[in-house]
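Engineer:
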Amino acid sequence: MKFKHTFHVFIDNFSVTYKLLLYRITVDIIAMFIGALALSPLVNTFLPEVSNVIDSAMKYLLRLLSGEVGDLREFSQKVVDAFNDLVSLFATKRTHIALVAVLFGVLYIISNWFKQLGNFAAASVMNDKMALHAQSPFLATLIKNLKRASVFSLIYVPLSTLYDFTLAFVFFNLFFRILPGSLLFFVNIFLFLVCIIFAISFKMTIFSDWLPALIRGKMKQGEAIKYAFSRKNKGTFNVLSNFVVMCILIFGINAFALICTLGVGMIITIPSSFLIIIGFELVNYYDRNEMKYFIDKNTIIKPEKEQTVSRQEFLRGDTD
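So, in structure tokens, the structure goes:
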């Protein structure tokens, strides 16, 4: 039922997709402009080797997708050789690499910080629609919640970035350095993606109640973090399994958009993916806390036992 309700909530809030898309594009353009100005002299040093890795990987994938598996081992070796050449270049330019890594890292964290502000605003708009079926403007909601969203992003982005990069580094070294001699290259890719999906699903499970607790629960940052990491009576395995299925579907839809529309469809599928995840987090929070909510203009999901709304909550507009 949570999947069904999440889908209805997403459709009811579909217009937010375009607003989030415009916001994220603006952030990306500014980040790319700053990055191009600051990093182009350093990045140009590594472009030939990086291009060689990408070219070899694309040829391998095209062979794999076309079913020409006879010379896959040869193409996989070319990918490995190109990557080794890139690593050798890195070894000779460690100072440049360190500078590039720091600058890219700072730029990545700052751009993600701004993007999380957009996610917070999108979640707030969706929550207003679910709680009161109110049409809240995206930009005004962003400005209204700027302080709370900034603190949330300041805490969430470094934690999320550290988690993502640590596990990606561990899994990459495990499947492409330690095990390649005992497993086929495409088996390594399969296992790598499986581990990445489960790692992302686990992270989303742990953090799933953070945004709803701030926005719908109106908790302070410390209370929301404590509530998010507390797993008592939260059906963690059920939430995790839902996120695994959701991640697989999102990966599949975005891969389909990348291949079949030459990437054009990802203009819609990427922001939609974030809204679907946010929608599920809100639906999960509402259901667990036995709150009623709109999934469309004419449909309200009611719990078996409704909470009593106090006079103060009613006057503040905090109705279920």
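Take 2 as the starting number for the sequence shown in the working numbering and just add one per residue. In this text, a Cβ means the ideal position worked out from N, Cα and C, and glycines have one as well.
Starting from F8 and walking both ways along the alpha helix (DSSP H), at which residues does that stretch end?
Structural biologist: Here residue 8 is taken as the residue at index 7 of the sequence shown, counted from 1. Where F8 is concerned, the enclosing alpha helix (DSSP H) stretches over K3 to D13.
Engineer: When the Cα atoms are used, what is the spatial distance from F315 to L133?
Structural biologist: As a first step, residue 315 is located in the sequence shown; it is residue number 314 there, counting from the start. As a first step, residue 133 is located in the sequence shown; it is residue number 132 there, counting from the start. The predicted model places F315 with a pLDDT of 46, which falls under 50 and marks its position as unreliable; any figure quoted below should be read in that light. Cα to Cα, the separation comes out at about 11 Å.
Engineer: For the alpha helix (DSSP H) that T142 lies in, which residues bound it at each end?
Structural biologist: Translated into positions along the sequence shown, residue 142 becomes position 141. F139 to K145 is the span of the alpha helix (DSSP H), which, as asked, contains T142.
Engineer: Whose C-alpha, out of S151, I190, G106 and F8, is nearest the C-alpha of L212?
Structural biologist: Counting from 1 along the sequence shown, the entry for residue 212 is found at position 211. Nearest option by C-alpha distance: S151.
Engineer: Please state the DSSP three-state secondary structure of D29.
Structural biologist: Residue 29 sits at position 28 when you count from the first residue of the sequence shown. D29: helix per DSSP, three-state reduction.
Engineer: Which of the three DSSP states, helix, strand or coil, is assigned to T262?
Structural biologist: Residue numbering aside, residue 262 sits at position 261 when the sequence shown is read from its first letter. Coil, per DSSP.
Engineer: Any idea what DSSP makes of D56, helix, strand or coil?
Structural biologist: Numbered from 1 along the sequence shown, position 55 holds the residue referred to as residue 56. DSSP places D56 in helix when its eight states are reduced to three.
Engineer: For the alpha helix (DSSP H) that contains F105, what are its first and last residues?
Structural biologist: Taking the sequence shown and counting its residues from 1, the one referred to as residue 105 is at position 104. F105 -> alpha helix (DSSP H) spans R95 to L133.
Engineer: Am I right that V245 and I198 are in contact with their C-beta atoms under 8 Å? What's the rounded C-beta distance?
Structural biologist: Against the sequence shown, residue 245 aligns to sequence position 244. Against the sequence shown, residue 198 aligns to sequence position 197. That belief holds up - the Cβ atoms of V245 and I198 are roughly 7 Å apart, short of 8 Å.
Engineer: With a threshold of 8 Å on Cβ separation, who are the neighbours of M127 within its own chain once the five nearest residues in sequence on each side are excluded?
Structural biologist: In the sequence shown, counting from the first residue as 1, residue 127 sits at position 126. Excluding sequence neighbours, M127 sits near V10, N14, V17, L276, I279, G280 and L283.
Engineer: Leaving aside the five residues before and after P304 along the sequence, list all residues of the same chain whose C-beta is less than 8 Å from its C-beta, in chain order.
Structural biologist: Against the sequence shown, residue 304 aligns to sequence position 303. The answer, listed in chain order, is D288, E291, M292 and K293.
Engineer: Could you give the distance in angstroms between the alpha-carbon of M33 and the alpha-carbon of S41?
Structural biologist: As a working note, residue 33 is residue 32 in the sequence shown. As a working note, residue 41 is residue 40 in the sequence shown. Each residue's alpha carbon lies about 11 Å from the other.
Engineer: Can the beta-carbon of F177 be found closer than 8 Å to that of Q222?
Structural biologist: Reading the sequence shown from its first residue, position 176 is the one you call residue 177. Reading the sequence shown from its first residue, position 221 is the one you call residue 222. No, the Cβ-Cβ distance between F177 and Q222 is not below 8 Å.
Engineer: If we ignore side chains and look at the alpha-carbon of each, how far apart do T7 and Q117 end up?
Structural biologist: Within the sequence shown, residue 7 is the residue found at index 6, counting from 1. Within the sequence shown, residue 117 is the residue found at index 116, counting from 1. Distance between the alpha carbons of T7 and Q117: 20 Å.
Engineer: Are the CB atoms of L21 and P272 within a distance shorter than 8 Å?
Structural biologist: Walking along the sequence shown from the start, residue 272 turns up at place 271. Walking along the sequence shown from the start, residue 21 turns up at place 20. Yes, Cβ-Cβ distance for P272 and L21 is below 8 Å.
Engineer: With three or more beta-carbon pairs closer than 8 Å as the criterion, would you say the segment 224 to 240 touches the segment 194 to 210?
Structural biologist: Output reads yes: the segment 194 to 210 touches the segment 224 to 240.
Engineer: Mapping the DSSP letters down to three states, classify D210 as helix, strand or coil.
Structural biologist: For the purposes of this step, residue 210 is taken as residue 209 along the sequence shown, with counting starting at 1. It is coil, neither helix nor strand.
Engineer: Given S125, which residues of its chain have a CB within under 6 Å of its CB, disregarding the five upstream and five downstream residues?
Structural biologist: Reading the sequence shown from its first residue, position 124 is the one you call residue 125. Answer for S125: T142, N146 and I216, listed in chain order.
Engineer: Give the DSSP bridge partners of T300, in chain order.
Structural biologist: On the sequence shown, position 299 is the one that residue 300 refers to. T300 is bridged to D297.
Engineer: Mapping DSSP to helix, strand and coil, what is N243?
Structural biologist: If you number the sequence shown from 1, residue 243 lands on position 242. Three-state DSSP puts N243 in a helix.
Engineer: Go ahead and pull the three-state DSSP assignment for G236.
Structural biologist: As a first step, residue 236 must be located in the sequence shown, where it is residue number 235. Coil at G236, not helix or strand.
Engineer: Nearest by alpha-carbon distance to A39: which of V101, T96 and F121 is it?
Structural biologist: By 1-based counting over the sequence shown, the position of residue 39 is 38. It is V101 whose Cα lies nearest to the Cα of A39.
Engineer: Can the beta-carbon of L108 be found less than 8 Å from the beta-carbon of G36?
Structural biologist: Position 107 of the sequence shown, counted from the start, is the residue given in the question as residue 108. Position 35 of the sequence shown, counted from the start, is the residue given in the question as residue 36. Yes, the Cβ-Cβ distance between L108 and G36 is below 8 Å.
Engineer: Hey, A214 and A200: beta-carbon distance below 8 Å or not?
Structural biologist: Stepping through the sequence shown from its first residue, residue 214 is reached at position 213. Stepping through the sequence shown from its first residue, residue 200 is reached at position 199. Their beta carbons are not under 8 Å apart, which means A214 does not touch A200 by this criterion.
Engineer: What residues in its chain sit with their C-beta under 6 Å from that of I301, if we drop five residues either side in the sequence?
Structural biologist: Here the question's residue 301 lines up with position 300 in the sequence shown. So the qualifying residues of the chain are K293 and F295.
Engineer: Would you mind working out which of S89, S202 and G119 sits nearest T237, comparing C-alpha positions?
Structural biologist: For this step, residue 237 is matched to residue 236 along the sequence shown. Per the Cα distances, S202.
Engineer: For F115, is the beta carbon positioned less than 7 Å from some heavy atom of the ligand ADP?
Structural biologist: As presented, the structure is devoid of all ligands, the ligand ADP included, so that no description of it is given.
Engineer: Which residue from W114, N174, A123 and I144 puts its Cα closest to that of I156?
Structural biologist: Translated into the one-based positions of the sequence shown, residue 156 becomes position 155. I156 has its Cα closest to that of W114, out of W114, N174, A123 and I144.
Engineer: Exposed or buried, D129, counting other C-beta atoms within 10 Å across all chains shown (16 or more means buried)?
Structural biologist: Residue numbering aside, residue 129 sits at position 128 when the sequence shown is read from its first letter. With 16 or more Cβ atoms within 10 Å of its Cβ, D129 is classed as buried.
Engineer: Need the endpoints of the alpha helix (DSSP H) that R289 sits in, please.
Structural biologist: For the purposes of this step, residue 289 is taken as residue 288 along the sequence shown, with counting starting at 1. Looking at the DSSP string, the run of the alpha helix (DSSP H) that includes R289 is M267 to R289.
Engineer: Identify which residue in F170, L63, V81 and N243 has its Cα closest to the Cα of V54.
Structural biologist: Looking up residue 54 in the sequence shown gives position 53. V54 has its Cα closest to that of V81, out of F170, L63, V81 and N243.
Engineer: Looking at C-alpha atoms only, which residue of T162, M267 and S242 is the closest neighbour of N285?
Structural biologist: Position 284 of the sequence shown holds residue 285. For the residues T162, M267 and S242, the minimum Cα distance to N285 belongs to S242.
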